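To start, the structure under review is shown below, and the notes come after it.
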Amino acid sequence: MKPVDLHVHSNKSDGSMTPSELVELAVQKGLCAFALTDHDTVDGLTEAIDAAGAHPGLEVIPGIELSSEYHGKDIHIVGLYIDHQNRDFLAQLHVFQHSRIVRNEKMCSNLREAGIDISFEKLQAEFPESVITRAHYARYLLSHGYVQSLSEAFDRYVGDHTRYFVPREKITPVQAVELIKKAHGIPVLAHPILYHMSDAHLDELVVELKKAGLVGMECIYSTYTPSEEREMKRLAARHGLLYSGGSDFHGKAKPNLELGTGYGHLFIPETILNDLKAALTRA
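Below, the structure is given as structure tokens:
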């Protein structure tokens with residue numbers, strides 16, 4: 000049984016590899032499918048899908064990862080098999096991207112006050128054709144000698160609790176699910192364990208999202224322990240949700256985390272993708 004990876008990032012958001020390079024790596028890794036799920040953008044999908052045309056045994060799933068906010072927590076919703084050319088969907092993404100630009104300009108201003116030579120234009124020049132995220136800030140600070148590591152960049156300058164951080168306007172998780180449904184995709188709650196919610200609050204969130212049309216949940220993920228994976232599978236089963244899974248591969252932005260295998264023990268079987276496809280057919 001061949002593996003799949005349903006959560007992957009390219010340099011169109013905060014990954015380090017181009018969509019075409021991801022296709023070649025997926026072939027090397029023996030994947031039969033992967034989902035390109037860049038943050039709030041679909042800019043890499045056409046390139047990836049076209050590149051996969053040279054590899055009949057590989058499917059590139061058009062996807063996205065939307066950022067949302069729930070009771071002060073950053074919650075991510077992955078969309079699989081989205082219609083990435085849907086006009087209404089693209090118009091809403093443009094609104095999200097504009098909110099990122101406004102946030103980025105404010106953060107750059109804050110960092111300049113700290114003596115850092117940075118601007119949104121310089122970030123764009125260093126990371127062309129990318130949706131600028133805090134990972135890009137961290138890489139900029141590292142490459143220009145302001146910090147010694149990416150973790151230091153987050154600790155001192157761009158983390159949630161630093162004086163320079165500026166939150167951006169976010170939609171709710173329910174709105175993210177609804178948007179993915181409008182694009183004819185499969186909404187999946189990404190990496191629930193990472194939100195560090197109580198069992199009761201996570202259950203409450205899942206119930207709310209299921210009512211809005213949530214189909215799946217990331218039950219298999221690079222950082223999960225075996226007990227956490229079992230816990231997420233039980234939660235998904237209790238609410239009638241399908242399993243999904245992904246490495247959350249970012250290339251150099253997440254050292255030692257590999258496409259398809261995560262930190263070495265990740266395996267997402269093709270049967271998980273087949274179940275998700277069946278749900279898409281029934282929708």
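When the letters of the sequence shown are read in order and numbered with numbering that gives the first Met the number 0, they come out as residues 0 to 282.
Glycine included, C-beta positions come from ideal geometry on N, C-alpha and C.
If you're wondering where the values come from, they're calculated on a predicted model, not measured in any experiment.
With contacts defined by Cβ atoms closer than 7 Å, Leu35 and Leu44 form a contacting pair. Counting the other CB atoms within 10 Å of its CB gives Phe266 a total below 16, which places it among the exposed residues.
Our two residues, Leu30 and Leu178, have alpha carbons roughly 29 Å apart in a direct line. Separation of Ile115 and Tyr242 (C-alpha to C-alpha, rounded to the nearest whole angstrom) is 44 Å. Fewer than three Cβ pairs drawn from the stretch 153 to 170 and the stretch 46 to 55 lie within less than 8 Å of each other, which leaves the two stretches out of contact.
With respect to Gly78, Pro186 sits close: the two C-beta atoms are nearer than 7 Å. Straight through space, the alpha carbons of Tyr156 and Ala134 are spaced by roughly 11 Å.
For His135, the uninterrupted alpha helix (DSSP H) run begins and ends at 133 to 142, by DSSP.
Annotated three-state conformation of Ser108 is helix, per DSSP. Check the Cα spacing between Asp87 and each of Lys181, Tyr80, Lys253, His190: the tightest is with Lys181. Residue pairing from DSSP places Ser243 in a beta bridge opposite Glu217. In the DSSP secondary-structure assignment, Asp4 is bridged to Phe33. Of Gln27, Tyr69, Leu240, the smallest CA-CA separation from His195 is found for Tyr69.
Pro18 is not a Cβ neighbour of Ser12, given a cutoff of 7 Å.
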